[in-house]
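What follows is a single structure, written as structure tokens, with notes after it.
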Amino acid sequence: MIQAMYNGVTGLRSHKVMMDVISNNIANINTVGFKAGKVSFKEMFNQTVKGATAPRGNVVGGTNPEQVGLGVSVGSIDVVNSQGSMQPTGKVTDMAIEGSGFFMLGDGSGRFYTRDGAFNVDSDGALVAAGSGLKVLGWAADKITGKIDSTIPIQPTSFINLPVGQIARQTTQVTYGGNLASTSFPGQSRSVSALIYDTLGTAHTLGVDFTKVQQPTISDGYADTDTTTIGTGTLTLKIGTGKTIGTSTDPQTSVDVTIAATDTLQDLCDKIDATSEAKCTIVDAGAAAGADRYSLRITSASGQQTSASATYTAAGGHAPVFSTSTENANIWSWEASTEGMSVGSGSVTFDGQGRSPFASGNISIPLTNGASTPLDSSLVFGSITQLAGDTTISATSQNGLPMGMLDNFTIGQDGIISGIFTNGTSQPLAQIALSAFSNPGGLSKIGNNMLVESSNSGLPQISPPAIGSMGKVNAGFLESSNVDLPTEFANMIVAQRGFQANSRVITTADQILQELVQLIR
Numbered sequence: 273m274i275q276a277m278y279n280g281v282t283g284l285r286s287h288k289v290m291m292d293v294i295s296n297n298i299a300n301i302n303t304v305g306f307k308a309g310k311v312s313f314k315e316m317f318n319q320t321v322k323g324a325t326a327p328r329g330n331v332v333g334g335t336n337p338e339q340v341g342l343g344v345s346v347g348s349i350d351v352v353n354s355q356g357s358m359q360p361t362g363k364v365t366d367m368a369i370e371g372s373g374f375f376m377l378g379d380g381s382g383r384f385y386t387r388d389g390a391f392n393v394d395s396d397g398a399l400v401a402a403g404s405g406l407k408v409l410g411w412a413a414d415k416i417t418g419k420i421d422s423t424i425p426i427q428p429t430s431f432i433n434l435p436v437g438q439i440a441r442q443t444t445q446v447t448y449g450g451n452l453a454s455t456s457f458p459g460q461s462r463s464v465s466a467l468i469y470d471t472l473g474t475a476h477t478l479g480v481d482f483t484k485v486q487q488p489t490i491s492d493g494y495a496d497t498d499t500t501t502i503g504t505g506t507l508t509l510k511i512g513t514g515k516t517i518g519t520s521t522d523p524q525t526s527v528d529v530t531i532a533a534t535d536t537l538q539d540l541c542d543k544i545d546a547t548s549e550a551k552c553t554i555v556d557a558g559a560a561a562g563a564d565r566y567s568l569r570i571t572s573a574s575g576q577q578t579s580a581s582a583t584y585t586a587a588g589g590h591a592p593v594f595s596t597s598t599e600n601a602n603i604w605s606w607e608a609s610t611e612g613m614s615v616g617s618g619s620v621t622f623d624g625q626g627r628s629p630f631a632s633g634n635i636s637i638p639l640t641n642g643a644s645t646p647l648d649s650s651l652v653f654g655s656i657t658q659l660a661g662d663t664t665i666s667a668t669s670q671n672g673l674p675m676g677m678l679d680n681f682t683i684g685q686d687g688i689i690s691g692i693f694t695n696g697t698s699q700p701l702a703q704i705a706l707s708a709f710s711n712p713g714g715l716s717k718i719g720n721n722m723l724v725e726s727s728n729s730g731l732p733q734i735s736p737p738a739i740g741s742m743g744k745v746n747a748g749f750l751e752s753s754n755v756d757l758p759t760e761f762a763n764m765i766v767a768q769r770g771f772q773a774n775s776r777v778i779t780t781a782d783q784i785l786q787e788l789v790q791l792i793r
């Protein structure tokens, strides 16, 4: 009977724990992000009264062991990590995770995890947990480009801070588009202006003048037939810097062609073709030109007619046989200036379709207003065309910003916090980091809706929201407790009946012992 009483005591203790867990679930029914607990029981040791015996041939069969249980104990208290319902709050800093994952909080020395997304912005602009003041962890965006590198490891100091003061951004690229009329006459210009900004947000007017380069001019020819023997010597073909007259595998700006004593004008042209990727053609000026009827026109591999020079003894009294030219008709020069000061120049060369997809240039503006100097920027001309229509060229975009202050911000399902500034721009500010665990039920609770890693939780798998199996972030919502009240009430009745039945065991055992004591009366 004594053992029966002790068994009843273990039952009382175990059902008391079950009642504690149920009461805690019900108490936290309105706790943000709370996950309900569930109790499992297990039997304790068993006292063996008689061991099992094996069968003995065809004489006696085997017998099972006789064991008396020694009570019950709590086997585990598990966390039910099911999704709680989404409750709208209308507050932009409130967040709920839809799916798996935990928000990460830090105090500068350690990381903590929570499903409670009730956040605020403190006086320093840091995003913090409303209940504990711990700072939310994530990746900060580049202040200039707005790019976010989510491959950077999250440290306990990877705080998310929203800018409170003013911001500005230097212009590093200006893009031009539109058309430069192919019918423009040499020397005709078009001026385009655009506002660009330095590191202080000060505006500067950048003017760019586009000017059509003069048409090609070909010199007189120097041969009366294409079979004229032109003598011996070396012809050197030259092309402007940055252009190619040599082979594509061995770019060159000049090529030497050796001329034999018996070479004709046609032989020279063939040698030019064979020596480089330049294209040689014989130009026939007509019979009226007489001894100057034929000449050579040489076009480089980059599409430019080239200037050439030669040194050799001419045959038949004729001068050297080749032609010279300026740049072709598909080139526009450009010159950039600001406040009357030239800050850059170059040219844009168009192909036969009026395109120049890789054209660009650079400017450098010295500043004296306290901003970082010089203001270096690239000019992108790849969208400009040279077609037969009207000239419509203009500056289509630039990536600088004047002074602006954070006016508002939004949070996307990918956890990216985008700021809306008074200068009209929107730019990513930061991205919230989420972590997942192979065994989230193994995390240890430390209060304030926070969890920490344990030896059975596994290591955190950190990534941005909405990637792979990681949950999404819903701004303006909070995740409610996943406690199911009807289930808890039913479990409460079960716990009560279990406690009551075990108490009856103790009472009954006491009565039996009392009867045993009274046998001697």
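The sequence shown lines up with residues 273 to 793 when you count with the numbering used here. For every residue, glycine included, the Cβ atom is placed at its ideal position computed from N, Cα and C.
Reduced DSSP secondary structure (H/G/I, E/B, other) of residue i
i, result
"S863", "A query on residue 863 cannot be resolved here, the shown segment of the chain reaching from 273 to 793 and no further."
"P712", "helix"
"L785", "helix"
"V766", "helix"
"F761", "helix"
"V364", "coil"
"I778", "helix"
"A440", "strand"
"F457", "coil"
"Q790", "helix"
"A402", "coil"
"G588", "Note that G588 scores a pLDDT of 49, beneath 50, so its modelled location is shaky; the value from the coordinates is reported in the next line. Note: G588 maps to coil in three-state DSSP."
"D542", "helix"
"L667", "A small fix is needed here, since residue 667 is Ala in this sequence, not Leu. Note: A667 maps to strand in three-state DSSP."
"T547", "helix"
"A773", "helix"
"G562", "helix"
"L659", "coil"
"L537", "helix"
"N330", "coil"
"T335", "strand"
"V304", "coil"
"K811", "Because residue 811 is not part of the residues shown, which for the chain are 273 to 793, the question remains open."
"K314", "strand"
"A582", "Because A582 carries a pLDDT of 47, less than 50, the predicted location of this residue cannot be relied on, and no value is offered for it."
"K407", "strand"
"T501", "strand"
"T325", "strand"
Sheet register partners of residue i (DSSP bridge)
i, result
"D396", "DSSP, once it has assigned bridges, lists no residue as partnering D396."
"Q359", "L750"
"V527", "L509"
"C552", "I570"
"K484", "W604"
"M722", "G719"
"D648", "S636"
The alpha helix (DSSP H) enclosing residue i, as first and last residue numbers
i, result
"G276", "Sequence check: residue 276 is Ala here, not Gly. First-last of the alpha helix (DSSP H) with A276: I274 to A299."
Residue interval of the beta strand (DSSP E) (run including residue i)
i, result
"Q445", "Q445 to N451"
"L472", "It is not in any beta strand (DSSP E) - L472 carries neither H nor E in the DSSP assignment."
"S422", "Unbroken run through S422: none, as it is neither H nor E."
"G410", "G410 to A412"
"Y738", "It should be noted that the sequence gives Ala, not Tyr, for residue 738. Run containing A738: none; DSSP gives neither H nor E here."
"Q249", "Because residue 249 is not part of the residues shown, which for the chain are 273 to 793, the question remains open."
"V351", "V344 to V351"
"Q625", "Taken as a continuous stretch (DSSP letters only), Q625 belongs to no beta strand (DSSP E), as it is neither H nor E."
"V620", "M613 to T621"
"L319", "Per the sequence presented here, residue 319 reads as Gln, with Leu not at that position. That run of the beta strand (DSSP E) goes N318 to K322."
"N339", "With the sequence shown as reference, residue 339 is identified as Gln, and Asn is not the correct amino acid for it. Its beta strand (DSSP E) spans residues E338 to G341."
"D679", "L673 to I683"
"T386", "R383 to T386"
"V755", "Where V755 is concerned, there is no enclosing beta strand (DSSP E), given that its DSSP letter is neither H nor E."
"F374", "F374 to G378"
"G389", "Segment: none, G389 is in no beta strand (DSSP E) and carries neither H nor E."
"I688", "I688 to F693"
Touch test, the stretch 714 to 726 against the stretch 749 to 763, Cβ-Cβ under 8 Å, three pairs minimum: no
I want to know whether the stretch 315 to 325 touches the stretch 778 to 791 - three or more CB-CB distances under 8 Å. no
Would you call the stretch 701 to 712 in contact with the stretch 681 to 691, where contact means no fewer than 3 C-beta pairs closer than 8 Å? yes
Tell me, please, whether the stretch 724 to 735 touches the stretch 666 to 674 by the rule of three or more beta-carbon pairs shorter than 8 Å. no
Tell me, please, whether the stretch 468 to 488 touches the stretch 601 to 618 by the rule of three or more beta-carbon pairs shorter than 8 Å. yes
Three or more beta-carbon pairs under 8 Å between the stretch 762 to 773 and the stretch 286 to 295, yes or no? yes
Is the stretch 394 to 407 in contact with the stretch 444 to 456, if contact means three or more CB pairs nearer than 8 Å? no
When you compare the stretch 406 to 413 with the stretch 427 to 435, are there three or more beta-carbon pairs, one atom per stretch, that lie closer than 8 Å? yes
Three Cβ pairs or more, each shorter than 8 Å: is that satisfied between the stretch 364 to 375 and the stretch 735 to 750? yes
Pairing CB atoms from the stretch 652 to 662 with CB atoms from the stretch 452 to 459, are three or more of them under 8 Å? yes
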